[in-house]
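Take a look at the structure below.
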Amino acid sequence: MKYLHLIWAALFRRKARTLLTLVSIIAAFLLFGMLDSVNAAFHAGSQSALGAQRLVTSSRYSIIQPLPLALASRIAAVPGVEKVGHANWFGGYYQEPKNVVFSYAISPEYLDLYPEIRLPAAQRKVFDATQTGAVVGRVLARRYGWKIGDQIPLNSSIFPMKNGSKAWPMDIVGIFDVSKDAANGLDQALFFHWKYFNEANAFGSGSVGWYIEKLANPAQADRVAQRIDALSANSPNETKTQTEQAFQASFVKQIGNIGLIVGAIMGAVFFTLILLTGNTMAQGVRERTSELAVLKTLGFSSRSVLAMVLAESVLLLLIGGLIGLGIAAVLGPAVTRGSGGLVNLPALPPSTWVDGIAVMVVIGVLVGTLPAWRAMRLNIVDALTGR
Amino acid sequence: MNATLSELKPSAAPLIEIRELSKAYVRGKQKVEVLHHIDLDVAEGDFLALMGPSGSGKTTLLNLIGGLDTPSGGSITVGGKRIDRMKAGELARWRAANVGFIFQFYNLMPMLSAQRNVELPLLLTKLSRSERRQRAAIALKLVGLEDRASHKPAELSGGQQQRVAIARAIVSDPALLVCDEPTGDLDRESAEEVLGLLRLLNREHGKTIIMVTHDPKAAEFAHHVLHLDKGTLVEQATA
């Protein structure tokens, strides 16, 4: 700490160059923070603790392959299954295709399987009694200004009604909140009755998209899953049952290995950053050769000089990196608010700060090592005479 | 001809004893002999000027006495310690405690204020921040720059910068000051001020001073003048 003013002064000896380098570091860590948020958002569903208590049964071959409704009662009879429900992906949008609505046609039991959905009992009662009723997450309702009692046309990009229209009339009968441990995006979902969906859609075939099972004991998940899959073994409708966490993770993987993509982008960004800050540090130390020689002349040990140059490098990374992550921490929630929740970037988790600071220190040490080593090995007489 | 200055000032104990001192550099494939078997005693409280043509070895001798360089042969004893046998770390600590350096081009840290520049050697001590500030203020007052403490080197004249460098050299109260052309970059008036200051430090504060100079007028401030030529002491004079 005694040398901090010295390190600080050396860092800002060339203000313009240091500021430009800082801008690069800020940009790199802003990107790191934002991408890490995106990564976290994609994986939030698979990290919900409640997801470990539920199984998802879908077609073994593809998630878009429907399953027979008749399987419901057989799954319900499997030991270890406490409750079973089912759902279909509706592919909904409101008014324009760009206004995507995460909409699901669900069985009556479905909402009971998700305690994280907080729907007032009175609204639930109305929902159960209304064929065209729909309940929506509060974020979604706020985005489109929907209120209880509104009738909305919800278009499906997949399923036309029997009359040929793709605009399904729905009555908003409930607005729900979600608990903190809910999967990311649940508060932007719309649920309506599978019965309505099945009876009104032109392809109505009594099939369902996937089943959800609540486990009596989460520790038995593997055994129960095997038993469920055994029900349809060697049939045209073979199933694949997995915990909801694993299901969400595999769903994200279908989009792409987000972690790998984020890692690849950040790898390229940090590599460029290493070259840039390495160059800045090397130039900075080269320009200060005589000053470093004076420090050694005054009695500063070679190790002290090495430590000061390394500290300068780490400090540069920490200043820029923390500013960058700070901006990302503010920007993520701002984007979420600005998009009305459509783009949902969570606040930076503590792990991102920890990882980010670790990366800052590692890059700082990496780019500072060579100049610091040179400064340490500096021959005083040669440096003072400019040799 | 080598010089034994203690003979010139027999009452004072020699602070510096140099025996058979040699220094050679290797430049490319060439070995350059810079100093040849120098013997020299410098009494405590002396003010010695080293003169001689360029390349005669003045600065090399000064660097060796100041512990900035190590000899190829011979010995250097300062204050009873063989500094030629010290390792780099030990030598750095010894410099910090015993030697003040004054350079031709001041060599101040451009981004630090005069006060902070003067405080630099004190960072190596256990003094608190307030004690460091206090001592730096005293040193600046001694060189007449107490009102320039917050100024950066670029905001000071050459003479003022050199006085800051002198304050930095004396702030840790070393017994020995080594000065390499301290007036070489100054006008006559500033040079007189700086030399007067060195004389004051020698007379009033008992500092032993060794000064390399080309300027005969500067050499007049010293008690003794030694001439070096081709790495050998050739002449001595008493100012």
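Chains as they are written, first to last, in this note's numbering: chain E, 49 to 435; chain X, 971 to 1209.
Ideal placement from N, C-alpha and C gives every residue a C-beta, glycine not left out.
None of the values given here were measured: they were computed from a predicted structure.
Counted within 10 angstroms of its Cβ, other Cβ atoms place Gly1027(X) as buried (16 or more) or exposed
Within the second sequence, the letter at position 57 stands for residue 1027(X). Label assigned to Gly1027(X): buried.
As assigned by DSSP and simplified to three states, the class of Asn1033(X):
Residue 1033(X) sits at position 63 when you count from the first residue of the second sequence. Three-state result, Asn1033(X): helix.
If you compare alpha carbons, which of Ser1142(X), Gly1176(X) and Gln1130(X) is closest to Val1164(X)?
For the purposes of this step, residue 1164(X) is taken as the residue at position 194 of the second sequence. Of Ser1142(X), Gly1176(X) and Gln1130(X), the residue nearest in Cα terms is Gln1130(X).
Residue-level contact to chain X via CB, Ala39(E), 8 Å cutoff:
No statement about residue 39(E) is possible, as the shown extent of chain E runs from 49 to 435 and does not include it.
Using the Cα positions of Glu1003(X) and Leu358(E), report the straight-line distance between them to the nearest angstrom.
Position 33 of the second sequence, counted from the first residue, corresponds to residue 1003(X). Position 310 of the first sequence, counted from the first residue, corresponds to residue 358(E). Each residue's Cα considered, the two are about 37 Å apart.
Taking a cut of 7 Å between CB atoms, which residues from the segment 361-392 of chain E lie near chain X?
none
Once you ignore the five residues that flank Met408(E) on each side, which residues in its own chain have a CB closer than 6 Å to its CB?
If you number the first sequence from 1, residue 408(E) lands on position 360. Here the set comprises Leu365, Leu366 and Gly369.
Just the C-alpha distance for Gly185(E) and Ala170(E), rounded to the nearest angstrom, thanks.
Here residue 185(E) is taken as the residue at index 137 of the first sequence, counted from 1. Here residue 170(E) is taken as the residue at index 122 of the first sequence, counted from 1. Cα to Cα, Gly185(E) sits roughly 16 Å from Ala170(E).
Between Arg65(E) and chain X, is any beta-carbon pair separated by less than 8 Å?
Taking the first residue of the first sequence as position 1, residue 65(E) is located at position 17. It does not: the Cβ of Arg65(E) has no partner Cβ on chain X nearer than 8 Å.
What does DSSP give as the partner residues of Ile428(E) in its beta bridges?
Here residue 428(E) refers to the residue found at position 380 of the first sequence. Bridge partners of Ile428(E): none, in fact.
Note down, in chain order, each residue of its chain lying with its Cβ closer than 7 Å to the Cβ of Val1141(X), except the 5 sequence neighbours on either side.
By 1-based counting over the second sequence, the position of residue 1141(X) is 171. Excluding sequence neighbours, Val1141(X) sits near Val1088, Pro1091, Leu1092, Arg1105, Ala1106 and Ala1109.
Out of Lys993(X), Ala1013(X) and Leu991(X), which one is the CA nearest neighbour of His1193(X)?
Walking along the second sequence from the start, residue 1193(X) turns up at place 223. It is Ala1013(X).
Helix, strand or coil for Arg61(E), going by three-state DSSP, please let me know.
The residue you call residue 61(E) lines up with position 13 of the first sequence. Looking at Arg61(E) - three-state DSSP - the assignment turns out to be coil, as it is neither helix nor strand.
Pick out the complete alpha helix (DSSP H) segments inside the segment 187-233 of chain E, 4 residues or longer, and give them in chain order.
none
Which of helix, strand or coil DSSP assigns to Thr1047(X)
Within the second sequence, residue 1047(X) is the residue found at index 77, counting from 1. In this structure, Thr1047(X) counts as strand in the three-state DSSP scheme.
Rounded to whole angstroms, how far is the Cβ of Gln1085(X) from the Cβ of Glu1151(X), which I believe are closer than 8 Å?
Within the second sequence, numbered from 1, the residue matching residue 1085(X) stands at position 115. Within the second sequence, numbered from 1, the residue matching residue 1151(X) stands at position 181. Not a contact, Cβ separation roughly 25 Å.
Span of the alpha helix (DSSP H), counted from its first residue to its last, around Thr325(E)
Looking up residue 325(E) in the first sequence gives position 277. Residues Ile306 to Glu335.
Do you know how far the Cα of Lys993(X) is from the Cα of Ser1100(X)?
Within the second sequence, numbered from 1, the residue matching residue 1100(X) stands at position 130. Within the second sequence, numbered from 1, the residue matching residue 993(X) stands at position 23. Each residue's Cα considered, the two are about 43 Å apart.
Candidates Glu987(X), Cys1149(X) and Phe1017(X): which alpha carbon is nearest His1175(X)'s?
Taking the second sequence and counting its residues from 1, one reaches residue 1175(X) at position 205. Selected option, being the one with the closest Cα: Phe1017(X).
Consider the Cβ of Gly1129(X): report whether some Cβ of chain E lies at a distance smaller than 8 Å.
Reading the second sequence from its first residue, position 159 is the one you call residue 1129(X). So, not an interface residue.
Rounding to the nearest angstrom, what Cα-Cα distance links Ala973(X) and Leu1010(X) in this structure?
Translated into the one-based positions of the second sequence, residue 973(X) becomes position 3. Translated into the one-based positions of the second sequence, residue 1010(X) becomes position 40. Confidence at Ala973(X) is low in this model, with a pLDDT of 48, below 50, so its placement is unreliable and no value can be given for it.
Within chain X, the residues that Val429(E) reaches when beta carbons sit closer than 9 Å:
Start at 1 with the first residue of the first sequence, and residue 429(E) comes out as number 381. Those within 9 Å of Val429(E) in chain X are Thr1029, Thr1030, Asn1033, Leu1038 and Asp1039.
Strictly by DSSP, which residues pair up with Gln290(E)?
Position 242 of the first sequence, counted from the start, is the residue given in the question as residue 290(E). Looking at the DSSP assignment, Gln290(E) forms a beta bridge with Val104(E).
If we define contact as Cβ-Cβ less than 8 Å, is Leu70(E) a contact residue for chain X?
In the first sequence, the residue the question calls residue 70(E) occupies position 22. Closer than 8 Å: no.
Under 8 Å between C-beta atoms, does Met1079(X) make it to chain E?
Taking the first residue of the second sequence as 1, we reach residue 1079(X) at position 109. So, interface residue.
Leaving out the 5 sequence neighbours to the left and right, which residues in its chain are closer than 7 Å to Ala124(E) when beta-carbon positions are compared?
For the purposes of this step, residue 124(E) is identified with residue 76 of the first sequence, where counting begins at 1. Excluding sequence neighbours, Ala124(E) sits near Val132.
With C-beta atoms as the reference, is Asp1199(X) less than 8 Å away from Pro1041(X)?
One-based indexing of the second sequence puts residue 1199(X) at position 229. One-based indexing of the second sequence puts residue 1041(X) at position 71. Against a cut-off of 8 Å, the Cβ pair of Pro1041(X) and Asp1199(X) comes out as no contact.
Taking the alpha-carbon positions, what's the Thr1202(X) to Leu1020(X) distance?
The residue labelled residue 1202(X) in the question sits at position 232 within the second sequence. The residue labelled residue 1020(X) in the question sits at position 50 within the second sequence. Between Thr1202(X) and Leu1020(X), the C-alpha separation is close to 12 Å.
What are the residues of the segment 1051-1069 of chain X that lie near chain E, defined by any Cβ-Cβ distance shorter than 7 Å?
Ala1058, Gly1059, Ala1062, Arg1063, Arg1065 and Ala1066
Here's the rule I'm using: 16 or more other beta-carbon atoms within 10 Å means buried, otherwise exposed. How should Asp1054(X) be labelled?
Here residue 1054(X) refers to the residue found at position 84 when the second sequence is read from its first residue. Label assigned to Asp1054(X): buried.
Output yes if chain E places a C-beta closer than 8 Å to the C-beta of Leu1090(X); else output no.
Here the question's residue 1090(X) lines up with position 120 in the second sequence. True, the Cβ-Cβ gap to chain E drops below 8 Å.
When the cut-off is 8 Å and only beta carbons count, does Lys1200(X) lie next to chain E?
Taking the second sequence and counting its residues from 1, one reaches residue 1200(X) at position 230. It does not: the Cβ of Lys1200(X) has no partner Cβ on chain E nearer than 8 Å.
In angstroms with no decimal places, state the Cα-to-Cα distance between Ile986(X) and Phe319(E).
For the purposes of this step, residue 986(X) is identified with residue 16 of the second sequence, where counting begins at 1. For the purposes of this step, residue 319(E) is identified with residue 271 of the first sequence, where counting begins at 1. Distance between the alpha carbons of Ile986(X) and Phe319(E) is about 54 Å.
My output table needs one value for Leu159(E): the three-state DSSP class, helix, strand or coil.
Mapped onto the first sequence, residue 159(E) falls at position 111. Helix.
Within the 8 Å Cβ cut-off, does Gly347(E) reach chain X?
Mapped onto the first sequence, residue 347(E) falls at position 299. By this cut-off, Gly347(E) is an interface position.
Using a C-beta to C-beta distance shorter than 9 Å, which residues of chain X count as neighbours of Tyr51(E)?
For the purposes of this step, residue 51(E) is taken as residue 3 along the first sequence, with counting starting at 1. What Tyr51(E) touches in chain X: Leu1093.
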